[in-house]
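Protein chains in written order, with my numbering: chain A, 11 to 353; chain B, 11 to 353; chain C, 1243 to 1559; chain D, 1243 to 1559. The next block holds one structure in the form of structure tokens; read it before the comments.
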Amino acid sequence: MPIMMYRQALNLAMREEMRRDPNVYVIGEEVAEYQGAYRVTEGLLQEFGEKRVVDTPISEEVIAGIGVGSAMVGLRPVVEMMTINFAILALDQIVNHGAKLRYMSGGQLSIPMVIRAPQGAGMQLGAQHSQNLESWFMHVPGLKVVAASNPYDAKGLLKSAIRDNNPVIFLEHEMLYTTKGEVPEDDYTVPLGVADVKREGRDVTIITYLRMVGPVMAAAEALAAEGIEVEVIDLRSLRPLDIETITDSVKKTHRAVVVEEDWPTCGAGAEIMARLQETAFDYFDAPIYRVSSEDVPMPYSKNLERSAIPDEAKIINAVKCTIGRECKLPIRRSTEDIMKLTD
Amino acid sequence: MPIMMYRQALNLAMREEMRRDPNVYVIGEEVAEYQGAYRVTEGLLQEFGEKRVVDTPISEEVIAGIGVGSAMVGLRPVVEMMTINFAILALDQIVNHGAKLRYMSGGQLSIPMVIRAPQGAGMQLGAQHSQNLESWFMHVPGLKVVAASNPYDAKGLLKSAIRDNNPVIFLEHEMLYTTKGEVPEDDYTVPLGVADVKREGRDVTIITYLRMVGPVMAAAEALAAEGIEVEVIDLRSLRPLDIETITDSVKKTHRAVVVEEDWPTCGAGAEIMARLQETAFDYFDAPIYRVSSEDVPMPYSKNLERSAIPDEAKIINAVKCTIGRECKLPIRRSTEDIMKLTD
Amino acid sequence: MNKAELIGMYRQMVLIRKFEDQAGESYKLGKIGGFLHLYVGQEAVGVGFISALRPDDYVIGAYREHGQAIARGVSPRRVMAELYGKKTGVSSGKGGSMHMFDVERHFMGGHGIVGGGMPLAAGMGFAINYRDGDQVVVCFFGDGAVNEGAFHESLNIASLWGLPVIYVCENNLYGMGTAINRASAVPEVFRRAQCYDIDVESVDGMDLLAVRETADRAIRIARKEHRPRFVEATTYRFRGHSMADPGQYRTKEEIADYEKRDPIVKMRAYLIENGFFTDADVEAIDKEVDAEVADAVKFADESPEPSREDLFADVYA
Amino acid sequence: MNKAELIGMYRQMVLIRKFEDQAGESYKLGKIGGFLHLYVGQEAVGVGFISALRPDDYVIGAYREHGQAIARGVSPRRVMAELYGKKTGVSSGKGGSMHMFDVERHFMGGHGIVGGGMPLAAGMGFAINYRDGDQVVVCFFGDGAVNEGAFHESLNIASLWGLPVIYVCENNLYGMGTAINRASAVPEVFRRAQCYDIDVESVDGMDLLAVRETADRAIRIARKEHRPRFVEATTYRFRGHSMADPGQYRTKEEIADYEKRDPIVKMRAYLIENGFFTDADVEAIDKEVDAEVADAVKFADESPEPSREDLFADVYA
Ligand SMILES: Cc1ncc(C[n+]2csc(CCOP(=O)(O)OP(=O)(O)O)c2C)c(N)n1
Ligand SMILES: Cc1ncc(C[n+]2csc(CCOP(=O)(O)OP(=O)(O)O)c2C)c(N)n1
Ligand SMILES: [Mg+2]
Ligand SMILES: [Mg+2]
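This is the structure:
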């Protein structure tokens, strides 16, 4: 099987879908002539021309509006937001319009739109350029939310997202773009709503997604060396959640850790913890530990950024807490403690 | 003690703080000449003049920006968003700027700003005008989030919010504006971060806030008649959370129900459930049940809107599930089941 | 235009007027909930533009759109049923006053976020060009929407890309309680559009025939040359912003002056003077329309409410 | 202006140029992370405007702001230390290249969201009027920011309320890789501001003295008459958008042409021709500035990193 980079897999998914369906087009800032700020759309202009690969002004709200409006009349836009942080300027079109038009019209409309964007930290981009917004989108009925952790899923999930008849928020991560993996050349898809058990284990279930899958797998390896068998679940879809797979796993392991790069409060981790104690309350032998970024705006300085984000060591620590081994608590500084540090 | 309406209590809080501190001013759409879309700012123009009570164009992003920018140089804006739904257009100024400027500047700046807005459903305003966004704001470090359920707290909390040196999102509810209660005339405040135990009880703890406090109290009464003693906690502050008070209560009752008007996914309820199983895992005799609005855009039709929102009956049902009495499950249709209903 | 067309347009204005007056009554009776924004006084703008469109063109409005839906041929029954929150409503009772959709008739809503329809209109215009179509989009919005960022971003991109969208600002002088000169640095709305190199036109929105003439011209050019047009139609709403509006911000004199310029009265006078019809015809139309509105109310009243199951339908496709 | 002032401004441009070149080098060495947007080529705009301000006036920039911070008198040491992510940086290492703040000097950042500083500038202008002050705010942004809704909402309110803000668009012809004519329906940026009835002016941003003259005039009027001004300074960035920019979108010829108009070379020629200084002075200044930049690097290099505790400080006041 050919090996390719995450961003090439995304690129291939768009190419294949654009070849398949003339209604699919790509739009965003710097997606065409510049070949994409992160080169995800590289070469699309050359293959499909400027009508289907569209550079825009820096006008996020209308970029999303073009997507929603053109989807109202049957096109299938793939909208790139240069980073998810800028999508905040487009939320009215995405949330107040894209997510609600089908329902408000009594089912007359559907909005087959994908909004793709990298999110997250790791490049020292500072507070305004390092956010994770999955929980905001997960909160909203009418949207679907997807997050690919590797090239294979990136291609398969993006193809499913493009074929889906609903607005899908497709989350990528800048730190993943150049990571490599096997990607079949054939026309496969990865269904939305199905998690991937990346590693089986009997002792603890770790539930994670997107950029955190890497450190989680590394932690699982390290723990295996200590005889601790971790089951790792890559959610892949955040809305809908594959609650069955997660539930079945914790019913087996009786212990869970959720790992997210996002801030903790009202995040995806919180939702998973809530869901699990609705579906598997009686099965837990220990509390679910939540490994998230520290509850602060992302700092620029490299060492501060590093220490703000979950890493292998923090994940190992959380697993050990869950199984009652020696560990450092709290897992993270609480919001309330951070607030006490005021002058 | 004088009896007044919720909106009059808010109005009084602004008056007192504007008299106290010339840096406090009120700005928003229709807050001055029109006397406020919901009459919360009634009479302020007459008392303080157009310099301190400022009508704006319909430009939410710059309205919030005026707030943040003027707070950067020491004013204390009280910004009214006509409803929270329109604040979505201002999120970049609130979240990317207001919430982060102190941190990004290494502590040089502080943003003593209040953003007030009604949120929620109940008036048949439809999907674009009935949203609850507390979880989006709770997610963001740098912000504080407050929600007053009654006139006394409305006045006391708003005064604390205005005196706070951070950006505070102050959530109100259209259905509460004309509700009445006792409000002292003296200059009292209700501190941020302190929940209110509105009713003591040994059997179950119900954690709620804002508009849901009413139906929760009614449910508690009804349950008392059946010999079920419910402890009711009105959070009042959502960020920070008064986790001690909640934890102490569930350590006593061993059972909890969270009630929110918002959608469930990644909501305040999810966060509380996550926090509680971090702080009180061993104390629970039953899963925490989550009573939220159905996971759909808010419909216009009166009967649909009613059946989408939590009410006394749903709360009673959830309490009964928690204590093992006969009850209807699931509490709510799951996101995944709703998604299956597609053509 | 021939006699039939002229009378047809007049009749539409009468229908909208009577429909809206009835909606106001039904609201007071508690049959309608939420916000209700009536189109009374502005009928000539919606009728003038929409009557000039082809069936395959698109119309998108804001939250003051009942009249525009009716002008587009949506049955008053289904519009009234929507206001009553019934399953037979155009949006199955889920949209309400602010969210009327009839996609078959290319009536694309019904949008409650001020300015929110303008990017959507650009998106529909983009799709038309993408498919080398020759339809146009007519997008209605108010003078208050002009100060939203969406206005700016939409007009720039529509001009830059040559989108066949006619942006029609219904300038009724107030955004809720705020007079335009208190909200806009430049109260002449059409000037706000000129800095995008979009051809603009200002028209008396109380004069149906003037509006129609402007509409024909704007639509012809947008269709042929694939570029946007901007029209400012000066008009006035005879009722409050919504049923909740205390209405302190306008003088009785001002309202009275504008009522003298009632677009229906003006068109009626024109038709009679030019011998297109007689007072008898006027009465006949009034009767007909009264019956049509009464029928709409009956239909709405007797229609079934949506069921609990409907609550969960159509969240996802 | 007297000789000292003229030479001072020249020296500032040289300092910014050398500082930025050094920053680029340090970036390649991995001493600086994140995005790095250099001001090389645009020095005359920042120096021309900021040199005309009073200490109590306010300056706010975007993410290409190192040069503006230095022009405002922020020590190169602390700017470099910020780039190095050190605790001694102007923003304590938490802001980085895009978020330089020196509130004592009324340098209000450092903002990474395109157009995001414009509403903040309006807010500061509002506060000045609220307090009956006579300061002004200078707000820098690029040609790409002109198409954001924030531009529109800010200019309308600044004009409507008479806010003492000078909005300075540094038109370097590109927003990242997008030439202005591919992004703006009207490429003459100043025309985009006219529909708010704001007085506009266009100036050659490669000519320090012309910029300074424009700045003096704009600032005087904004201060005296409490109203906004809009200035389009046409300029050019000699380097890529950021260090990551492949830079395929500009021809070598175009870049070479603009390099011929280097604002530093131009000002140096002026000073020599007019006998304000000699080649020897030029060398002396270069030496001095080289030493200052070297000192800034040394300071940054030797400064301590922030500690784990700093991670949690200053989230809340
Ligand atoms: C983004 C947003 N802000 C505020 C509101 C509240 N609101 C509803 S209508 C309105 C006034 C709009 O005036 P205009 O655009 O002139 O339309 P008109 O009502 O006169 O037809 C306002 C402020 C809203 N619905 N959406
Ligand atoms: C809201 C937003 N959208 C997109 C970006 C990504 N971005 C950063 S700079 C830039 C180009 C801005 O160009 P211009 O305003 O001309 O400033 P210049 O870089 O030329 O100084 C873009 C698109 C951003 N930072 N913020
Ligand atoms: Mg109006
Ligand atoms: Mg530029």
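Glycine included, each C-beta is placed from N, C-alpha and C at the ideal position.
Check	Outcome
Ligand 1 heavy atom lying under 7 angstroms from the CB of Val1306(C)	For the sequence presented, residue 1306(C) should be read as Arg rather than Val. Answer for Arg1306(C): yes, Cβ within range of ligand 1.
Buried/exposed call for Pro201(B), threshold 16 Cβ in 10 Å	exposed
Contacting residues, own chain, Cβ-Cβ under 6 angstroms from His1348(C) (five flanking each side not counted)	Tyr1300
Cβ shell of Thr1330(C) (< 6 angstroms), same chain only, five flanking positions each side left out	Ala1323 and Ser1545
Close-in-space but distant-in-sequence residues of the same chain around Leu22(B) (CB under 6 angstroms, 5 per side omitted)	Lys165
Cβ pair Gly1203(D), Ala1392(D) closer than 8 angstroms	Residue 1203(D) cannot be examined here, being either before or after the span of chain D that is shown, 1243 to 1559.
Beta-carbon proximity of Pro1548(D) to Ser1334(D), cut-off 8 angstroms	yes
Where Glu346(A) meets chain B, residues with beta-carbon distance less than 8 angstroms	Gly203, Pro250, Leu251 and Ile253
Boundaries of the alpha helix (DSSP H) in which Pro5(A) is found, first to last residue	Because residue 5(A) is not part of the residues shown, which for chain A are 11 to 353, the question remains open.
When Ile256(A), Tyr198(A) and Pro87(A) are compared against Thr218(A), the one with the closest alpha-carbon	Ile256(A)
Closer than 8 angstroms to chain D by CB, Gly77(B)	yes
Contact with chain A by Gln287(B), beta-carbon distance below 8 angstroms	yes
Candidates Asp1499(D), Ile1258(D), Tyr1252(D) and Val1380(D): closest to Arg1561(D) by CA position	Outside the modelled stretch of chain D, which goes from 1243 to 1559, sits residue 1561(D), for which no answer is possible.
Reference Tyr35(B), options Gln18(B), Leu54(B) and Arg49(B), closest by Cα	Leu54(B)
Stretch pair the stretch 222-232 of chain B + the stretch 312-326 of chain B: three plus CB contacts closer than 8 angstroms	yes
Tyr35(B), DSSP secondary structure in three states	strand
Phe1343(D) - DSSP class collapsed to helix/strand/coil	coil
Counterpart residues of Leu1257(D) in DSSP-defined beta bridges	Looking at the DSSP assignment, Leu1257(D) forms no beta bridge with any residue, so it has no partner.
DSSP-derived helix/strand/coil call for Val1378(C)	coil
CB contact below 8 angstroms: Glu1395(D) versus chain C	yes
Neighbouring residues, chain A, relative to His1204(C) (Cβ below 8 angstroms)	No answer is possible for residue 1204(C): the residues shown for chain C start at 1243 and end at 1559.
Backbone CA spacing between Met1418(D) and Leu1402(C) [nearest angstrom]	18 angstroms
CB contact below 8 angstroms: Leu1402(C) versus chain A	yes
Helix, strand or coil at Tyr1372(C) [DSSP, three-state]	helix
Selection from Gly1384(D), Val1453(D), Asp1449(D) and Ser1444(D) that minimises the alpha carbon distance to Ile68(A)	Gly1384(D)
Proximity test, Asp1446(C) beta-carbon vs ligand 3 heavy atom, cut-off 7 angstroms	no
Nearest residue (CA-CA) to Ala1427(D), options Ala1457(D), Asn1389(D) and Asn1398(D)	Asn1389(D)
Contact under 8 angstroms by Cβ, Ala137(A) with Met15(A)	no
CB contact check: Pro354(A) to chain C, cutoff 8 angstroms	With chain A represented from 11 up to 353, any question about residue 354(A) goes unanswered, as that position is not in the structure.
Under 7 angstroms by beta carbon: chain D residues contacting Asn106(B)	Ile1355 and Gly1358
Beta-carbon gap between Met1485(C) and Tyr1269(C) smaller than 8 angstroms	yes
Exposed unless 16 or more other CB atoms sit within 10 angstroms - verdict on Asn160(B)	buried
Cutoff 7 angstroms; reference Thr289(B); Cβ partners in own chain excluding five residues on either side	Ile253 and Thr257
Close-in-space but distant-in-sequence residues of the same chain around Val105(A) (CB under 6 angstroms, 5 per side omitted)	Val150
Candidates Gly1351(C), Pro1361(C), Val1332(C) and Ile1292(C): closest to Ser80(A) by CA position	Pro1361(C)
Asp241(B): first and last residue of the uninterrupted beta strand (DSSP E) it sits in	Note that residue 241(B) is Glu in the sequence shown here, rather than Asp. Segment Val240 to Asp244, the beta strand (DSSP E) holding Glu241(B).
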